[in-house]
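There are 2 protein chains.
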Amino acid sequence: MTINKKILLAKRPKGLPDKDTFKFVETEIIKPEKGEVLIRTLYVSVDPYMRGRMIDAPSYVPPYQLDDVLGGGALGEIVESKSDQFEQGDIVLGSFGWQSYYTAKQDEVRKVDKDIAPISTYLGILGMTGLTAYFGLLDIGKPKEGETVVISGAAGAVGSVVGQIAKIKGARVVGIAGTDEKNQYLKEELHFDEAINYKTSTNLQEDIAKACPNGVDVYFDNVGGEISDAVHTNLNKYARISVCGAISSYNLKEEDIGPRIQTTLIKKSVLMQGFTVGDFANRLAEGSEALAKWLQDGKLKYEETIIDGFDNIPDAFLDLFEGNNIGKLLVKVDK
Amino acid sequence: MTINKKILLAKRPKGLPDKDTFKFVETEIIKPEKGEVLIRTLYVSVDPYMRGRMIDAPSYVPPYQLDDVLGGGALGEIVESKSDQFEQGDIVLGSFGWQSYYTAKQDEVRKVDKDIAPISTYLGILGMTGLTAYFGLLDIGKPKEGETVVISGAAGAVGSVVGQIAKIKGARVVGIAGTDEKNQYLKEELHFDEAINYKTSTNLQEDIAKACPNGVDVYFDNVGGEISDAVHTNLNKYARISVCGAISSYNLKEEDIGPRIQTTLIKKSVLMQGFTVGDFANRLAEGSEALAKWLQDGKLKYEETIIDGFDNIPDAFLDLFEGNNIGKLLVKVDK
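These protein sequence lines are chains P and G, in that order.
Last residue of the first sequence: 335 in UniProt numbering, with the numbers rising by one and none dropped.
Last residue of the second sequence: 335 in UniProt numbering, with the numbers rising by one and none dropped.
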C-alpha cells in the first residue's frame with residue numbers, strides 16, 4: 001500500500017512559524033476515479049506569501065484551515081491516469097502543495113513541456129515567480145529606457161527576474177539584498193548596475209541616493225519596512241512603486257508602523273500599486289511566452305536552491321525568512 | 001501715491017503657523033511698462049498646500065523664500081494696461097498671491113469670463129479647486145456606477161466638488177467631515193448618501209464599514225493620518241486611492257507615523273496615487289469646460305466662505321487648519 005505523506009497546518013503562528021506550526025501525517029492514497037489522475041510529487045515550491053495564508057484573515061487567497069494540507073505550487077509525475085487528457089509519465093503543475101501524492105481532477109493540473117527547460121523552472125522563472133516579475137514590473141512599474149529601477153529582495157526568486165527584465169528594457173538597475181554574496185551574484189551574473197547590502201549599510205537612504213544619481217523612477221518592492229522607507233525618500237517625480245511583497249512584516253507580532261506615505265506620493269505625484277499575479281490571470285500566456293523566449297535566447301538567467309527531502313519542507317520554508325537563498329527555493333521530494 | 005500692501009514669509013513655521021510667520025509691508029506700486037498690466041487685487045485664495053511651501057524642502061512647487069510675498073491664486077481688476085491683450089476693467093486670474101496690487105507681465109495672468117459665474121468661482125469650483133477634484137476623482141479614482149466613493153475632508157473646497165462629481169457618475173458617496181453642520185450640508189445640500197463625523201465617532205473604522213455596506217471602491221484622500229488608516233481597512237479588491245492632500249500632517253512637528261500601507265495594497269490589489277492639478281496641465285480646458293457645464297446645468301453646487309479685508313488673510317489661512325469652513329475659503333480685499 002502506498003502511503004501519502006502530508007504536512008498540515010497544526011497551529012496558526014504568531015511571529016515566525018516554528019515546529020509547532022506544522023504537523024506530519026500519513027494517509028492512504030486515494031485511487032483515482034474517472035476523470036482523475038494520481039500524481040507523485042516531484043518538487044514543491046515554498047513561497048513567502050504562504051506565511052500570509054497561515055493567519056485567519058481575508059486576503060487575495062483564502063487562509064489555510066487548521067489541519068489542511070499546506071497548499072501551494074507543486075510539480076508531479078502522473079503515476080496512474082483515469083483521464084483521457086493525461087498519460088502515465090506526464091509531468092503536471094498544480095497547487096496541491098505539501099504532500100507526496102495527490103489525486104487530482106483533470107482540470108486541477110496542467111501538463112508542462114519538458115523540452116523548453118528543466119521542469120523545476122515551471123515553479124520558478126517560467127511559473128508564478130517569473131510571471132509575478134513580468135507583470136509587476138511591466139504593467140505597474142512601466143520602466144522606460146534609461147530610467148532607474150530599484151528592487152528590494154533583489155536576489156530572491158522574483159527580484160532576480162525583475163532586474164533582468166528591467167535590463168532587457170534598457171533601464172539602470174539597482175538591487176538591494178542582504179549579503180555581499182548575493183550582491184556579487186546580482187552584479188556579476190545578472191549584470192545589475194549596482195547592488196546595495198542593506199545589512200552592512202550605515203545609511204541606506206544615502207547609499208540608495210549614491211547608487212541612483214538620477215533618482216528612482218521605478219521601485220519594485222518585495223520587502224516593505226525600513227528598506228522601503230529609505231527608497232521612498234529617493235523617488236523621482238512620477239515614480240511608480242510596484243508593491244509585490246512585504247516580507248519584513250510577515251512575521252511581526254505587532255502592527256507594522258512607519259512613516260505614512262501620503263505626503264511623499266503627493267509631492268512627487270507617485271503611483272503605488274499592490275498586485276498579485278492573479279490580477280493578470282487572463283494574460284498569463286503572454287507572460288509565459290515572453291519569459292520562455294528570453295530564457296531560450298539566453299537573456300534571462302535563473303538560480304535555484306533545491307533542498308532534498310520531503311521532511312525538509314518546513315525548514316526550507318523557514319529559510320525564506322532567513323534570507324539565505326538566492327533565486328527560487330524548491331524542495332525535491334524523495335522517491 | 002498708491003501703496004501696495006504685501007504679506008511676506010517672515011519665518012518658517014514649526015508646527016502651526018502663527019503671527020510670527022507673517023510680515024506686513026507696504027511698498028510703492030510699480031508702474032507697468034510695455035506688455036505689462038497693473039492689477040488691483042480683488043480676491044485671494046488661501047489653500048492648505050501653501051503650508052507645504054513654507055518649509056524649505058523640494059516639492060511640486062518651489063518653497064517660498066523668506067521675505068517673499070506669499071504667492072497663490074488671486075483675482076484682480078486691471079487698473080492700468082500697457083498690453084494690447086488687456087483693457088482697464090478686465091478681471092484676471094494669476095498666482096500673484098497676498099498683495100493688494102501687482103504689476104504683471106501679460107502672459108502671467110489670464111482673463112476670466114464674468115458671464116459664466118461669479119468671478120470668485122475662478123478661485124474655487126471653476127479654478128484649481130474644481131480641477132483638482134475633477135482630475136483626481138475621474139483620472140485616478142475612476143468611479144464606476146454603483147461603486148462606493150469615500151471622501152475625507154468632504155466639506156472642504158475640493159472634497160465637496162469630488163462628492164458631487166461622484167454622484168453625477170452614479171456612485172454611492174460617503175463623506176467624512178468634522179462637524180454635524182458640515183455633514184448636514186453634505187447630505188441635504190449636496191445629496192451625499194452618508195456622512196460621518198470623525199470627531200464624534202467612537203470607532204471610525206466601524207462607522208465607515210456601516211456607511212459602506214459594499215466596501216470602499218474609491219477613496220479620495222484630503223487628510224491622511226488616522227482617518228485614512230480607518231478608510232484603508234475598508235477597501236475593496238481593486239480599490240483606488242486618489243491622494244490629494246494630507247492636511248492632518250502639515251503642521252506636525254514630528255514625523256507622520258502610522259501603519260505602513262504595503263500589505264493592504266497587496267492583499268486587495270489597490271492602486272494609490274498622489275497627484276496635483278499640475279499633472280494635468282495639458283488637459284485643463286477639458287476639465288474647465290466640464291465643470292462650467294455642470295455648474296450651468298445646476299448639477300454642481302458650491303459654497304464659499306468669504307472673509308473681508310486684506311489684513312485678515314493670515315487668519316483666514318489659519319482657519320483652514322481649524323476645520324471651521326465649508327467649501328472654498330477666500331479673502332475679499334478691501335478697496
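All C-beta atoms in this analysis are idealised placements derived from N, C-alpha and C, irrespective of residue type, glycine included.
Values in this document were obtained by computation on a predicted structure and should not be read as measured data.
Within 9 Å of the CB of G/Gly274, the CB atoms of chain P belong to Ile261, Gln262, Thr263, Thr264, Leu265, Ile266, Lys267, Lys268, Ser269, Val270, Leu271, Met272, in sequence order along the chain. At a cut-off of 8 Å between beta-carbon atoms, G/Ser249 makes contact with chain P. When rounded, the separation of the alpha-carbon atoms in P/Asp308 and P/Ser95 is 20 Å. Look at the stretch 232-269 of chain G and you find these whole runs of alpha helix (DSSP H), each 4 residues long or longer: 247-250, 262-268. Looking at the backbone, the Cα of G/Arg12 and that of G/Lys23 are separated by about 12 Å. The distance from the Cβ of P/Gly245 to that of P/Phe135 is about 14 Å, inconsistent with a contact at the 8 Å cut-off. At a cut-off of 8 Å, the C-beta of P/Ala246 has a neighbouring C-beta in chain G.
Residue pairing by DSSP places G/Gln85 in no beta bridge whatsoever. The beta-bridge partner set that DSSP reports for P/Leu131 is empty.
Contact annotation: P/Glu188 and P/Gly170 have beta-carbon atoms that are not nearer than 8 Å.
Not flagged as an interface residue toward chain P: G/Val37, since no C-beta distance is shorter than 8 Å.
Residue contact check for G/Gly97 against chain P: no CB pair falls below 8 Å. What G/Gly224 touches in chain P, judged by beta-carbon distance under 8 Å, is Arg260, Gln262, Thr263, going in chain order. Per DSSP, P/Gln273 lies in no alpha helix (DSSP H) segment; the continuous beta strand (DSSP E) that holds it begins and ends at 271-274. DSSP places P/Tyr49 in the uninterrupted alpha helix (DSSP H) bounded by 49-53.
Per the coordinates, the alpha-carbon of G/Asn203 lies some 42 Å from the alpha-carbon of P/Gly130. Counting only unbroken stretches of 3 or more residues, the beta strand (DSSP E) elements lying wholly within the stretch 18-74 of chain P are 22-28, 36-45, in sequence order. Non-local beta-carbon contacts of P/Ile306 in its own chain, meaning distances under 6 Å to residues more than five positions away in sequence, involve Leu330, Lys332 in chain order. The alpha carbon of G/Lys210 has as its nearest neighbour, out of G/Gly225, G/His191, G/Val231, the alpha carbon of G/Val231. At a cut-off of 8 Å between C-beta atoms, G/Ser228 counts as an interface residue with respect to chain P. In this structure the stretch 252-263 of chain P lies against the stretch 240-256 of chain G, because at least three pairs of beta carbons, one per stretch, are closer than 8 Å. Neighbours of G/Asp221 in chain P, taken as residues whose beta carbon is under 7 Å from its own, are Gln262 in chain order. Contiguous beta strand (DSSP E) elements confined to the stretch 163-212 of chain G occur at 172-177, 194-197, taking only those with 3 or more residues. The Cβ of P/Asp256 sits closer than 8 Å to at least one Cβ of chain G.
Per DSSP, the continuous alpha helix (DSSP H) segment holding P/Ala316 begins and ends at 313-319. Against chain G, the beta carbon of P/Asp279 has neighbours under 7 Å at Ser269, listed in chain order. If you compare the alpha carbons of G/Arg40, G/Pro58, G/Gly327 with that of P/Ile266, the shortest gap goes to G/Pro58.
In terms of beta-carbon proximity, G/Val161 stays away from the interface with chain P, with every pair separated by 8 Å or more. Under DSSP, G/Leu8 takes part in a beta bridge, and its partners are G/Lys23, G/Val69. Residues Gly35, Glu36 of the same chain have their beta carbon placed closer than 7 Å to that of P/Lys105, with the five preceding and five following residues left out of the count.
Listed along the chain, the chain P residues whose CB falls inside 8 Å of the CB of G/Val243 are Gln262, Leu265, Ile266. Annotation for P/Ala292: the continuous alpha helix (DSSP H) segment containing it runs 284-296.
With a threshold of 16 other beta carbon atoms within 10 Å, G/Lys182 meets it and is buried. By a beta-carbon distance limit of 8 Å, G/Gly15 does not contact G/Met50. Their separation comes to about 15 Å. Here G/Val162 has Ala133, Leu137, Ile151, Phe220 as same chain residues with Cβ atoms under 6 Å from its own Cβ, once five neighbours each way along the sequence are excluded. Taking a contact as a CB-CB distance under 8 Å, the pair G/Ala166 and G/Val173 counts as one, their CB atoms being some 5 Å apart.
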